[in-house]
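Student: The numbering of the sequence shown is my numbering, which starts it at 1 and goes up by one.
All C-beta atoms, glycine included, are put in the ideal place defined by N, C-alpha and C.
Bear in mind the structure is a predicted one, so any value in this text is a computation, not a measurement.
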Amino acid sequence: MKQYLLLFFAGMAVFACRNQRPSAVAPVTTRIAFGSCAHQDKEQPLLKVAASLKPEVFLFLGDNIYGDSREMDTLRAKYARLAAKEEFQQLANQTRVLAVWDDHDYGENDSGRHYPFKAESKEIFMDFWKVPAGSDRRNHEGIYGVETLQTNGLLIQFILLDTRTFRDNLIKRDSADTVFKNDYAPNENPDSTFLGATQWQWLEEQLSTKADIRIIASSNQFSHAYNGWESWTNVPHERQRMIDLIKKTKANGVVFISGDVHWGELSKLEV
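1) Check this for me: beta carbons of residue 112 and residue 64, under 8 Å apart or not?
2) Would you mind working out which of 198, 171, 192 and 42 sits nearest residue 185, comparing C-alpha positions?
3) Going by other Cβ atoms of all chains shown within 10 Å of its Cβ, with 16 needed for buried, is residue 291 buried or exposed?
4) Alpha carbon to alpha carbon, what distance is there between residue 103 and residue 141?
5) How many Å lie between residue 54 and residue 204 at the Cα?
6) Quick one: give me the first and last residue of the beta strand (DSSP E) that residue 245 is part of.
7) Could you name the residues that DSSP lists as bridge partners for residue 150?
8) Measuring only the C-alpha atoms, how far is residue 30 from residue 50?
9) Contact between the stretch 187 to 194 and the stretch 230 to 241: three or more CB pairs below 8 Å?
10) So, helix, strand or coil for residue 216, using DSSP?
11) On the three-state DSSP scale, how would you describe residue 84?
12) List the whole-angstrom C-beta distance separating residue 146 from residue 138, where the pair is believed to meet the contact cut-off of C-beta under 8 Å.
13) For residue 60, which residues of its own chain have a beta-carbon under 6 Å away from its beta-carbon, when the five flanking residues on both sides are left out?
14) Report, in whole angstroms, the separation of the C-beta atoms of residue 216 and residue 159, which I expect to be a contact under 8 Å.
15) Residue 121 lies in the alpha helix (DSSP H); which residues open and close that run?
16) Is residue 187 near residue 254, with beta carbons less than 8 Å apart?
17) For residue 48, name the three-state secondary structure that DSSP assigns.
18) In three-state terms, what does DSSP make of residue 138?
19) By how many angstroms is the C-alpha of residue 165 removed from the C-alpha of residue 247?
Put into structure tokens, the structure is as follows:
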């Protein structure tokens with residue numbers, strides 16, 4: 001019997017997968033840690049905590065630096081400051097690291113497909129995170145990709161989404177509407193997209209493959225209730241498309257992890 005446990009710390013979480021062996025053998029735990037939204041000029045003590053837990057994989061879920069620039073030298077310099085941090089080096093030197101981006105390391109706050117330097121920013125991202133030269137992630141538009149981990153009798157699939165490169169602009173909320181804290185209203189245009197046609201096709205292929213657990217890394221929240229903040233709820237038909245695709249492919253063991261907001265939350269979406 002497999003048991004799953006998700007532990008949250010401030011700004012970081014650990015996903016523990018326990019494969020329950022027969023009673024004569026002690027259960028084995030696999031640790032997957034993840035976090036997001038860490039400023040390159042501030043201390044990041046939770047990376048030391050993550051390293052001490054010795055996870056098999058750590059996922060950076062976006063806003064891994066606060067680049068916020070159309071100057072690529074600025075992005076490179078900020079990545080360099082992250083790389084110079086002792087706590088980052090400690091984690092990266094002993095742990096398999098995977099990453100996606102969000103708006104601030106993509107290059108511009110709340111930006112989507114219209115950000116003009118997305119190709120240049122992608123190259124910097126790929127080089128910093130040491131994505132292999134032959135990786136499919138380098139050979140198509142956007143940074144989406146898939147990785148796997150075979151451990152303790154489990155096949156864990158990491159689906160790394162790109163929620164920036166293909167996403168249409170969000171709909172600004174009327175300034176007179178004060179019900180919600182943030183700026184965005186749901187985009188009801190059925191032609192608007194979060195992932196883009198090519199990434200959706202790729203995702204269906206990934207969900208159709210065999211895996212015991214599928215961890216979908218989305219820089220934006222997926223399962224929470226709409227509140228006006230930037231998330232999948234801003235493009236509701238795309239969120240429903242994801243739900244329908246999971247049902248269609250009969251994908252098992254699906255867990256979404258996300259960054260962007262500066263708090264920890266467990267959400268369950270009834271479908």
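Tutor: In short, the structure shows the following:
1) Within the sequence shown, residue 112 is the residue found at index 112, counting from 1. Within the sequence shown, residue 64 is the residue found at index 64, counting from 1. It is not a contact, given that the beta carbons lie outside the stated cut-off.
2) As a position in the sequence shown, residue 185 is number 185, starting the count at 1. Ranking 198, 171, 192 and 42 by Cα distance to residue 185 puts 171 first.
3) No answer is possible for residue 291: it lies beyond the span of the chain, which begins at 1 and ends at 271.
4) Locating residue 141 in the sequence shown gives position 141, counting from the first residue. Locating residue 103 in the sequence shown gives position 103, counting from the first residue. For residue 141 and residue 103, the distance between alpha carbons rounds to 16 Å.
5) Start at 1 with the first residue of the sequence shown, and residue 54 comes out as number 54. Start at 1 with the first residue of the sequence shown, and residue 204 comes out as number 204. Distance between the alpha carbons of residue 54 and residue 204 is about 32 Å.
6) Position 245 of the sequence shown holds residue 245. Counting along the chain, residue 245 falls outside any beta strand (DSSP E), though it belongs to the alpha helix (DSSP H) covering 236 to 249.
7) Counted from its first residue, the sequence shown places residue 150 at position 150. For residue 150, which the question treats as bridged, DSSP gives the partners 155.
8) Taking the sequence shown and counting its residues from 1, one reaches residue 30 at position 30. Taking the sequence shown and counting its residues from 1, one reaches residue 50 at position 50. Going from the Cα of residue 30 to the Cα of residue 50 covers about 14 Å.
9) yes
10) One-based indexing of the sequence shown puts residue 216 at position 216. Residue 216 falls in the strand class under three-state DSSP.
11) Position 84 of the sequence shown, counting from 1, holds the residue named residue 84. It is coil, neither helix nor strand.
12) Indexing the sequence shown from 1 puts residue 146 at position 146. Indexing the sequence shown from 1 puts residue 138 at position 138. In fact, because the Cβ distance is near 14 Å, the residues do not count as touching under 8 Å.
13) The residue you call residue 60 lines up with position 60 of the sequence shown. So the list reads 99, once near-sequence residues are dropped.
14) Locating residue 216 in the sequence shown gives position 216, where the first residue counts as 1. Locating residue 159 in the sequence shown gives position 159, where the first residue counts as 1. That pair is a contact at about 5 Å.
15) Indexing the sequence shown from 1 puts residue 121 at position 121. Residues 118 to 128.
16) The residue you call residue 187 lines up with position 187 of the sequence shown. The residue you call residue 254 lines up with position 254 of the sequence shown. Against a cut-off of 8 Å, the Cβ pair of residue 254 and residue 187 comes out as no contact.
17) Taking the first residue of the sequence shown as position 1, residue 48 is located at position 48. Three-state result, residue 48: helix.
18) The residue you call residue 138 lines up with position 138 of the sequence shown. Here residue 138 sits in helix by DSSP.
19) As a working note, residue 247 is residue 247 in the sequence shown. As a working note, residue 165 is residue 165 in the sequence shown. Cα to Cα, residue 247 sits roughly 26 Å from residue 165.
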